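Contents: one structure, followed by commentary.
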Amino acid sequence: MKNVSNERNFAPYHTGQNRTQMTPPAILVVDDEEHMLRLYEKELSEDGYQVKTATGAEDALKIAQNGQVDLVVLDIKLEGKNGLEILSDFRRINKDLPIILNSAYSTYKSDFQSWLADAYLVKSSNLEELKKTIRELVNF
Amino acid sequence: MSNFEKKNNETSPVCFCISDLEEVLDRLPMGIFKSDEKGNLIYMNEYLTKLIGEQQREKSKEVNSLEHHINQVVKECLTRGKSSFAETKPFENSKGEQTFLALEAINLKNNIEKPINGELADVSTSEWSRSRGVVGVVEDISEKAHLEKSLKKKISELSIICEVGNALRSTLNLEEILEIILIGVTAGQGLGFNRAFLLLLNEEENLLEGKIAIGPSNPAEAKRIWEDLSTKKQSLEEVLHSYKDALRKKDILVNDLVKKLRIASSDQKNFLIQSMQQKKALSIRKDETDSETNKSIFEVLGADSLAVVPLVFKDKVNGVLLADNSINQKPIEEEDVKLMQIFAHHVSTAIESSKLYQKLAEQVNKLEEANQRIAENTQRLLRAEKLSVLGEITSQVAHELRNPMTIIGGFARSLLKKKDAQDSDYEYMKIIAQETERVEKVLDNVLNFTKPEKTNLEKVDLNQIIDQTLEMMEGEINLNKITVMKLPHPDLPRVMVNPDQIRHALLNIFRNAIWAMPQGGILSITTKKKGSFAKVESKDTGFGIPKEHMGSIFDAFFTTKPESCGLGLTISSEIIKNHGGLIMAESEKGKGSIFSVLLPFEGSFADDSIKSLNLGEEDEKRK
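Chains as they are written, first to last, in the working numbering: chain A, 1 to 140; chain B, 1001 to 1623.
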């Protein structure tokens, strides 16, 4: 299921509220695979985003707490807590923070915890779908 | 001649007893006679006089008369000088009973003791041996004769019943049992009726139905058959076989006749029904009955007189056995009917055994079927287990592969964007991206084979899809020496499908066909219009699919190929079904298989919000 589930798309994130016109949106990519992070970092930064990465849940939450994050691309299988478990932690930090679940599994889509996310995408070498969703969510 | 000649009256010391003696002799329950030395009968008691009188009333023939017999015996006795015996032919006495008589005569020689020392020396030697006549008795041996006769008959009856019983026990086949019965009734060594008919009760329809019959259709045929058979001395059991052969196809007529007999069990006036209800044997003549159904039975069978016995087993009537003598017109004796009744008892038992055997056989069959079902269910269960275990493993492997594929393909695409299309590496990088995507799709299919993705649909020419698929397989086709024959429908309307998935589905089907032709062969692919469906038929000349595998070929992880994971046809089937289509297979071992795919022209996917994830033409253009 690689499509964005439209009915769960919340209102687009209004960039003006959290960042100046000059700073590009900061995307936090959380994935336990180093190479996956490298790919996303490369692709998203080339598209002009500011990219932050984390391989574990704790690191990810720290980054979200301490610095500017405008959107999270969150893998589900992680070291330590899994992506679904830390979804609510992110929401506690910033209830409006857009979160995209990005997993190799399509099965978690039926897990009600995943409904907290703004979008659920199955990983693909074609990043167009992801990029499109990010664009829509951060209005960039 | 009824008076005792008292010629020794004066010399007899017991003269006062003679009248008493005469009375005693007259009252004896047997005939007594005496002759003189010349053979003339000089005395007969009252009993004998009466007997002769009775016999003379009955017949006048001298030759067979009792008197004649007595004279013969006396003569013989005098000539041979010793005792003589005779038995008369039976005759009817005053009560109308058959009477058998036995005669015994004794030569009366001089009873003077031979002198030892000169006493009574004047008696000449010849005097010692001179006969003074003959005395004899006539005894009524009717009872003994009757007993003997009936004993003989009983023995013969018992042996018939025993032989038929043996023959009946040798088989449990109902048809054979019925044949033995009828032959037993008609064979000369058996009951000796001319024809026999068997009617069985059909409990469902409450009808007594004619089943089988035996017997020649005319006297000439009967004579020939019996002459043939009587030249050889055969036991009943042998006769059972040879008579069957002799009659083969000659008893069609009687069999046709008997099948016309259908009598309602409720017909109380019918003698067959009566016999069944009363559980009693009957013998009935055509002119004795008024009932219409009775008359029609006589007419159908062309008989004047019939014997009927019910077939009773444990108080239950199964039917009746009918017999007649319409060929030789011999009257039906009560004894024959009685014997037939005993016979019928064996028959009922044999029929009942056969029915029980049939029931048993049915039960055994059911049991076997149940066992087979259990075995099949066990197999299915095992397969389901295998499926679940393999499914889990496959799913894990597929997930593990998805991440590296995403990374490889992602970087390839990333690099591709910066390359000029003219760059020598551009093409290779594109191949990496495409191939990665292909792997990703396979992974998608593996992971979602139960719920194939509904992706975007296009109106496509199915013939073209087939051509593209075959092009992709060109290498395998040539390597395996496969001749492809395409018979495309020229005006096949386009179908609304996901072309990628359909190519994938067809590829698996064609690949399977090629695998089934290791020595090469012909793969014929035909497209047809079938109502609102397009039909693709893939026919191979391979080794075919064994019958027992036909039900499993579309099951996940079912495979007979050592190198396969058993998902090919499953995926094809899921793809086709997900398109609202149908996939079918037929196969003949050694001749090949036909796989038919039906796809609706209009498509059945309603969800068009699904986005393309292909690295298709559109993506290319966007760049």
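Yeah, the Cβ is synthetic: ideal placement off N, Cα and C, and Gly gets one too. Note that this is a predicted model, so its numbers are computed, not measured.
Is residue 26 of chain A near residue 73 of chain A, with beta carbons less than 8 Å apart?
-> In the first sequence, counting from the first residue as 1, residue 26 of chain A sits at position 26. In the first sequence, counting from the first residue as 1, residue 73 of chain A sits at position 73. Going by beta carbons, residue 26 of chain A and residue 73 of chain A fall outside the 8 Å limit.
How would you write the range of the alpha helix (DSSP H) that residue 1186 of chain B sits in, first residue to last?
-> Position 186 of the second sequence, counting from 1, holds the residue named residue 1186 of chain B. From DSSP, the alpha helix (DSSP H) with residue 1186 of chain B extends over 1174–1186.
Bounding residues of the beta strand (DSSP E) (the contiguous stretch that carries residue 1521 of chain B) = As a first step, residue 1521 of chain B is located in the second sequence; it is residue number 521 there, counting from the start. Note, residue 1521 of chain B: beta strand (DSSP E), 1521–1530.
Chain A partners of residue 1403 of chain B, CB-CB under 8 Å?
-> The residue given as residue 1403 of chain B occupies position 403 in the second sequence. What residue 1403 of chain B touches in chain A: 33, 36, 104, 123.
Pair within 8 Å by beta-carbon distance, residue 1321 of chain B and residue 1196 of chain B | Taking the second sequence and counting its residues from 1, one reaches residue 1321 of chain B at position 321. Taking the second sequence and counting its residues from 1, one reaches residue 1196 of chain B at position 196. Their beta carbons are under 8 Å apart, which means residue 1321 of chain B touches residue 1196 of chain B by this criterion.
Using 8 Å as the limit for Cβ to Cβ distance, is residue 1440 of chain B near chain A?
-> Here the question's residue 1440 of chain B lines up with position 440 in the second sequence. With a threshold of 8 Å between beta carbons, residue 1440 of chain B makes contact with chain A.
Buried or exposed: residue 133 of chain A, going by 16 or more other Cβ atoms within 10 Å of its Cβ?
-> What you label residue 133 of chain A is simply residue 133 of the first sequence in a count that begins at 1. Around the Cβ of residue 133 of chain A, a 10 Å sphere holds 16 or more other Cβ atoms; the residue is buried.
Three-state secondary structure (DSSP) of residue 1331 of chain B | The residue given as residue 1331 of chain B occupies position 331 in the second sequence. Residue 1331 of chain B: coil per DSSP, three-state reduction.
Using a C-beta to C-beta distance shorter than 8 Å, which residues of chain A count as neighbours of residue 1406 of chain B?
-> For the purposes of this step, residue 1406 of chain B is taken as residue 406 along the second sequence, with counting starting at 1. Going along chain A in sequence order, the residues near residue 1406 of chain B (Cβ under 8 Å) are 36, 39, 104, 123, 124, 125.
Alpha-carbon to alpha-carbon, residue 1356 of chain B and residue 1382 of chain B | What you label residue 1382 of chain B is simply residue 382 of the second sequence in a count that begins at 1. What you label residue 1356 of chain B is simply residue 356 of the second sequence in a count that begins at 1. For residue 1382 of chain B and residue 1356 of chain B, the distance between alpha carbons rounds to 38 Å.
Give the DSSP-derived three-state secondary structure of residue 1317 of chain B in the structure shown.
-> Numbered from its first residue, the second sequence carries residue 1317 of chain B at position 317. It is a strand residue.
Boundaries of the beta strand (DSSP E) in which residue 1212 of chain B is found, first to last residue | Start at 1 with the first residue of the second sequence, and residue 1212 of chain B comes out as number 212. It spans 1207–1214 - the beta strand (DSSP E) in which residue 1212 of chain B sits, taken as one unbroken run.
Interface residues of chain B around residue 42 of chain A at Cβ under 9 Å?
-> The residue given as residue 42 of chain A occupies position 42 in the first sequence. Near residue 42 of chain A (Cβ distances below 9 Å), the residues of chain B are 1410, 1411, 1414.
How many angstroms separate the CA atom of residue 1325 of chain B from the CA atom of residue 1258 of chain B?
-> Working through the second sequence from its first residue, we reach residue 1325 of chain B at position 325. Working through the second sequence from its first residue, we reach residue 1258 of chain B at position 258. Whole-angstrom Cα-Cα distance: 16 Å.
Decide if residue 1579 of chain B is buried, meaning its Cβ has at least 16 other Cβ atoms within 10 Å, or exposed.
-> In the second sequence, the residue the question calls residue 1579 of chain B occupies position 579. Result: buried.
Can you list the beta strand (DSSP E) stretches of 3 or more residues lying completely in the segment 1464–1538 of chain B, in chain order?
-> Listed in chain order, they are 1482–1487, 1495–1497, 1521–1530.
CB contact flag (residue 1215 of chain B, residue 1254 of chain B, <8 Å) | Walking along the second sequence from the start, residue 1215 of chain B turns up at place 215. Walking along the second sequence from the start, residue 1254 of chain B turns up at place 254. With respect to residue 1254 of chain B, residue 1215 of chain B sits close: the two C-beta atoms are nearer than 8 Å.
Compare the beta carbon distance of residue 1569 of chain B and residue 1446 of chain B with 8 Å and say whether it is the shorter of the two.
-> Numbered from 1 along the second sequence, position 569 holds the residue referred to as residue 1569 of chain B. Numbered from 1 along the second sequence, position 446 holds the residue referred to as residue 1446 of chain B. Contact flag unset, no.
Enclosing alpha helix (DSSP H) for residue 1298 of chain B [first to last residue] = Residue numbering aside, residue 1298 of chain B sits at position 298 when the second sequence is read from its first letter. Its alpha helix (DSSP H) spans residues 1292–1301.
Using DSSP with H/G/I as helix, E/B as strand and the rest coil, what is residue 1043 of chain B?
-> In the second sequence, the residue the question calls residue 1043 of chain B occupies position 43. Three-state DSSP puts residue 1043 of chain B in a strand.
Can you tell me which of A:127, A:89, A:35 puts its alpha carbon nearest to the alpha carbon of residue 191 of chain A?
-> With chain A covering only 1 through 140, there is no way to say anything about residue 191 of chain A.
Neighbour-count burial assignment, residue 1389 of chain B, 16 or more Cβ in a 10 Å radius = In the second sequence, the residue the question calls residue 1389 of chain B occupies position 389. Per the 10 Å Cβ criterion, exposed.
Report yes or no: do three or more beta-carbon pairs, one from the segment 1066–1080 of chain B and one from the segment 1034–1053 of chain B, lie closer than 8 Å?
-> The count of Cβ pairs closer than 8 Å, one atom from the segment 1066–1080 of chain B and one from the segment 1034–1053 of chain B, reaches three, so the stretches are in contact.
With a floor of 4 residues, list each alpha helix (DSSP H) that falls wholly inside the segment 21–68 of chain A, ordered by position along the chain.
-> Those alpha helix (DSSP H) runs which fall completely within the segment 21–68 of chain A and span 4+ residues are 34–46, 57–66.
Are the CB atoms of residue 1087 of chain B and residue 1100 of chain B nearer to each other than 8 Å?
-> Numbered from its first residue, the second sequence carries residue 1087 of chain B at position 87. Numbered from its first residue, the second sequence carries residue 1100 of chain B at position 100. It is a contact, given that the beta carbons lie within the stated cut-off.
Can you give me the Cβ contacts of residue 1172 of chain B inside the same chain, cut-off strictly under 7 Å, excluding the 5 residues immediately before and after it?
-> Start at 1 with the first residue of the second sequence, and residue 1172 of chain B comes out as number 172. Result list for residue 1172 of chain B: 1353, 1354, 1357, in chain order.
Closest by CA to residue 1443 of chain B, which one among B:1422, B:1482, B:1486, B:1504?
-> Here the question's residue 1443 of chain B lines up with position 443 in the second sequence. Minimum Cα distance to residue 1443 of chain B is reached at B:1504.
Do residue 1571 of chain B and the ligand NAD come close, with the Cβ less than 7 Å from some heavy atom?
-> With respect to the ligand NAD, the structure shown offers nothing to examine, as it has no ligands at all.
Proximal chain A residues relative to residue 1436 of chain B, where beta-carbon distance stays under 7 Å = Start at 1 with the first residue of the second sequence, and residue 1436 of chain B comes out as number 436. Within chain A, the residues near residue 1436 of chain B are 125.
Determine the DSSP secondary structure at residue 1392 of chain B, reduced to helix, strand or coil.
-> Start at 1 with the first residue of the second sequence, and residue 1392 of chain B comes out as number 392. Annotated three-state conformation of residue 1392 of chain B is helix, per DSSP.
Local Cβ density within 10 Å of residue 1485 of chain B, reported as buried at 16 or more and exposed below that = One-based indexing of the second sequence puts residue 1485 of chain B at position 485. Counting every other CB atom within 10 Å of its CB across the protein chains shown gives residue 1485 of chain B a total below 16, marking it as exposed.
Output yes or no for whether 8 Å exceeds the beta carbon distance between residue 1405 of chain B and residue 1436 of chain B.
-> To locate residue 1405 of chain B, count along the second sequence from 1; it is residue 405. To locate residue 1436 of chain B, count along the second sequence from 1; it is residue 436. A distance below 8 Å separates the beta carbons of residue 1405 of chain B and residue 1436 of chain B.
List the residues that DSSP assigns as beta-bridge partners of residue 1285 of chain B.
-> By one-based count along the second sequence, residue 1285 of chain B stands at place 285. In DSSP, residue 1285 of chain B forms a bridge with B:1305.
Residues of chain A with CB under 8 Å from residue 1399 of chain B, in chain order?
-> Along the second sequence, read from residue 1 onward, the residue named residue 1399 of chain B stands at position 399. Going along chain A in sequence order, the residues near residue 1399 of chain B (Cβ under 8 Å) are 104, 105.
For residue 1447 of chain B, go through chain A and note every residue whose CB falls closer than 8 Å to its CB, in chain order.
-> For this step, residue 1447 of chain B is matched to residue 447 along the second sequence. At a beta-carbon threshold of 8 Å, the residues of chain A lying near residue 1447 of chain B are 106, ordered along the chain.
Closer than 8 Å by C-beta to residue 1431 of chain B: which residues in its own chain qualify, once you throw out the five before and the five after it? Chain order, please.
-> Reading the second sequence from its first residue, position 431 is the one you call residue 1431 of chain B. Result list for residue 1431 of chain B: empty, nothing under 8 Å.
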